[in-house]
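Below you'll find the structure, written out as structure tokens, and then a few comments.
Residue numbers (the working numbering), protein chains in the order written: chain A, 337 to 1090; chain B, 210 to 425.
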């Protein structure tokens, strides 16, 4: 921050949700904030420095807000920042095709008396839709600089740079009519001491802005708030609708008149090329729907036909037939419905992904692809390679690996060369043994097989977690940037209503499948306190993070597909059951599901990679220290004998109630540090116990269900305390710990019957 | 135009006809709870609203048309009072009796449209259809209805928003969903998705029920 010129001003980015504020923030400051195509991604204020402006000014990014009279926590954050007293220039980012909604905010900025630059972003999408905005007239009416930009392609950013220093207060004044105007001037008098944006404050107070009243309580003279209350009530008595609504209508009417003067439509809407349409409707759709039908049928067959021999002709024929049927039915349906309409392919796709019927098979396919990518490739192939070959073990050489090419059609692998690399840890071990013996405590601290900082902590973080999380964030990025996630919210809304949440909560939930810690932070986008508590609880209880899910699916998949299905079923049931219960128990009413759905877009590959890179970076920064800390704690407790003490304490519960070997207690304690860590440890223990007879799948299932439901990892717990307060966090902790063991016990008893 | 108490008599004749087809003059006079019932009836005869046949009273063409309108106003008023204003039954009856004399043609049509051209009153009797009902018959659906009653693909304009929750009203209005705005309903399942200008918005059933729209 040393380069900030404190004598000048700060730049504040403001705008509706999902208009590209964060992208512009990145371009102004060269700093990356998570950019996503889901409203409410920025839940905190990000700060950065723009070096190119007046010798460096601070730039502040705010959460998207539809109104500066806040209705949710993130809108409140945005508003409070604007009311802070330092001098600032506002860059208001507007989605050009939604100018009307943007200008609703501009009027509020004008009332605050802040200098504004209006940025009409996504200019290309405006033109694609056959519309145009007369920037000159707009500039003239508002009397402020208006800039056209396409932020994702860096178009118009230099003009924006030039405009920021000459930002002007918008020349807008909405007349709210005699009664309300009278009230505004009365309140302005009461606010006398408070010099900035009195008109805006008065309007907010008339709109019953509770958060603001709380803030002003200490600044105003005693009794002023009561006076304001009296003024508001007397005006309200003249209107049947709430004042905030009356004010919003006045504002909207004003803006509508303005928009009518500057927006023109020209008739060259963007259409998809006829060849592409043909390709889409005659080739791609039939092919994909065949694939969908085939895969779904195969999946069902796999789940129900565990008794059938694999070469059975039925398992071959049925999926093919179902694929054919689905291809015919679906292609025809889509052709009849959409071919004649002038929609682009992106629009058609946008509609299918929300279609009441078609969206569900599509969802399953997307989940399947994500599983293939994250679960099999990331958690299987990559993890094996990194863990066993690249890192290896400190005392045993890994034996090296073959650098080879697999040719799919003839199913042969050509070995190009054998790499004689014995694993990083092995070389560390060799190096260390030059100085100290392998029984030395220092050697054990770093390279011990059970709890060495490098052998276990670092290796786990990089070799196991890194590939899984990396691939998950890649998949998540694609879902986000294409606009699929908000559509998922539309689909799950009804189910989520049952568990006291609404469709909006799909973002934290899906993100939780990547990292629960990150997801707990995003619960801020939810509207009510009740929803936030439920979402936080469910994340901590029933949503396994990608690292854990990767380990679990590969472990259970190795035993049998049906056990993995049972596992998924139990976890889903618990999610719904606990959600349902807490929605009944917790006070508060459910909140409305009202959400904007961005257009379906082709994601930009470079953006996805940048995004994945930053997310993984964030994750490693957060996770690696915790891994190290956890491993250190484990090392110390083992050496001091605390661990065996806890193991003995836990033995009756683990051994008798859950029917697991006592040694797995170790894994459960590890689970508090990293949940996946615990899963692996338990698997290893069970493998050792099982010996040549192999693992008892029932024991494995019970232990994995318990470790999934078990208390959240340390990092998640810290974030829970931060977001929900110590009391709530401990309350959740106290519920989850016995509950997960209880479910495990019940499961054990049920499994014993078979 | 008939006098208010003349209208009452015409109304009475209509209702008796509706039940039993024949109106005995003596019975009618007894039912008209006015001191000068006989004279009033005679005036109606003089003014060619009713005729007397064999000690029975019948409506003339002119009288029938007049009675029809009175009945229509009365029963529409009942509907309005009970369905929209949620007034108790005894108050509804007495108020409807007053309403029927003061409503003019235009207001009656508006009420009928607002209520979606109802065919029967709260007591289950037929409301005589007006010209507006016949026009609406071609398009059977009411003109103003909750968004939740739209079919997917419909275009509509928001007429008004009625909700118990301030927060909901604020959230809708700050998104720009306000009376006068044109919307297009994309789909009803799994949740409602509407298009407003270039914005697509998903909303749940509870909200859709609170937004009243006018089809276009």
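Positions of the beta carbon are idealized from the N, C-alpha and C atoms, including for glycine. In this text the structure is predicted, and so the values were computed from the model without any measurement.
Query: Residue interval of the beta strand (DSSP E) (run including residue 758(A)); Result: Looking at the DSSP string, residue 758(A) is not in any beta strand (DSSP E), and its letter there is neither H nor E.
Query: Assigned secondary structure, residue 383(A) (DSSP; H/G/I helix, E/B strand, else coil); Result: strand
Query: Partner residues on chain A for residue 410(B), Cβ-Cβ distance less than 8 Å; Result: 930, 931, 932 and 933
Query: Short Cβ contact (8 Å threshold) for residue 793(A) with residue 967(A); Result: yes
Query: Validate contact between the segment 838 to 850 of chain A and the segment 814 to 829 of chain A using beta carbons, cut 8 Å, 3 pairs; Result: yes
Query: Short CB-CB distance (under 8 Å) between residue 396(B) and chain A; Result: yes
Query: Contacts that residue 384(B) makes with chain A (C-beta to C-beta distance below 8 Å); Result: 402, 437, 930 and 932
Query: Three-state class that DSSP yields for residue 663(A) in the structure shown; Result: helix
Query: According to DSSP, residues forming a beta bridge with residue 741(A); Result: 750(A)
Query: CB contact check: residue 957(A) to chain B, cutoff 8 Å; Result: no
Query: Spatial distance of residue 1041(A) from residue 424(B) (CA atoms); Result: 53 Å
Query: Runs of beta strand (DSSP E) wholly within the segment 909 to 957 of chain A (minimum 3 residues, chain order); Result: 930 to 933
Query: Environment of residue 558(A) [buried if 16+ CB atoms lie within 10 Å]; Result: exposed
Query: Reduced DSSP secondary structure (H/G/I, E/B, other) of residue 328(B); Result: coil
Query: Within 8 Å, strictly: CB atoms of residue 1106(A) and residue 425(A); Result: The displayed coordinates of chain A run from 337 to 1090. Any statement about residue 1106(A) would go beyond what the structure contains.
Query: Cross-chain neighbours of residue 578(A) in chain B, by beta carbon under 9 Å; Result: 375, 378 and 379
Query: Residue 1011(A) - containing alpha helix (DSSP H), residue span; Result: 1011 to 1026
Query: Contact set between residue 415(B) and chain A, taken where Cβ atoms lie within less than 8 Å; Result: 928
Query: Inter-residue CB distance, residue 268(B) and residue 241(B) (contact presumed, cutoff 8 Å); Result: Contact flag wrong, Cβ pair sits at about 15 Å.
Query: Three or more C-beta pairs below 8 Å linking the segment 863 to 870 of chain A and the segment 887 to 903 of chain A; Result: no
Query: Exposure label - residue 905(A); buried when at least 16 CB within 10 Å; Result: exposed
Query: Delimiting residues of the beta strand (DSSP E) encompassing residue 601(A); Result: 599 to 601
Query: Chain B contacts made by the segment 836 to 848 of chain A, where a contact means CB separation under 9 Å; Result: 838 and 839
Query: From 257(B), 218(B), 225(B) and 228(B), residue whose alpha carbon lies closest to that of residue 245(B); Result: 218(B)
Query: Min CB distance residue 424(A) to chain B below 8 Å; Result: no
Query: For residue 421(A), the first and last residue of its enclosing beta strand (DSSP E); Result: Careful: residue 421(A) lies outside any beta strand (DSSP E) and carries neither H nor E.
Query: Proximal residues, the segment 797 to 830 of chain A versus chain B, C-beta separation under 9 Å; Result: 822, 823, 825, 826, 827, 828, 829 and 830
Query: Close beta carbons around residue 600(A), own chain, < 6 Å, minus the five adjacent residues each side; Result: 468
Query: Per-residue contacts from residue 421(A) into chain B (C-beta, under 7 Å); Result: Per Cβ cutoff of 7 Å: no residues; residue 421(A) is ~25 Å from chain B at best.
Query: Below-8 Å beta-carbon distance, residue 440(A) vs any chain B residue; Result: yes
Query: Contained alpha helix (DSSP H) runs [length at least 4] in the segment 968 to 1012 of chain A, N- to C-terminal order; Result: 978 to 987 and 1001 to 1009
Query: Contacts that residue 179(B) makes with chain A (C-beta to C-beta distance below 8 Å); Result: Because chain B is modelled from 210 through 425, residue 179(B) falls outside the range shown and cannot be assessed.
Query: Chain-order list of residues whose beta-carbon lies under 7 Å from that of residue 939(A) (same chain, five-residue window excluded); Result: 814, 817 and 818
Query: Pair within 8 Å by beta-carbon distance, residue 444(A) and residue 503(A); Result: no
Query: Bounding residues of the alpha helix (DSSP H) (the contiguous stretch that carries residue 804(A)); Result: 802 to 818
Query: From 1055(A), 737(A), 1051(A) and 1032(A), residue whose alpha carbon lies closest to that of residue 1084(A); Result: 1032(A)
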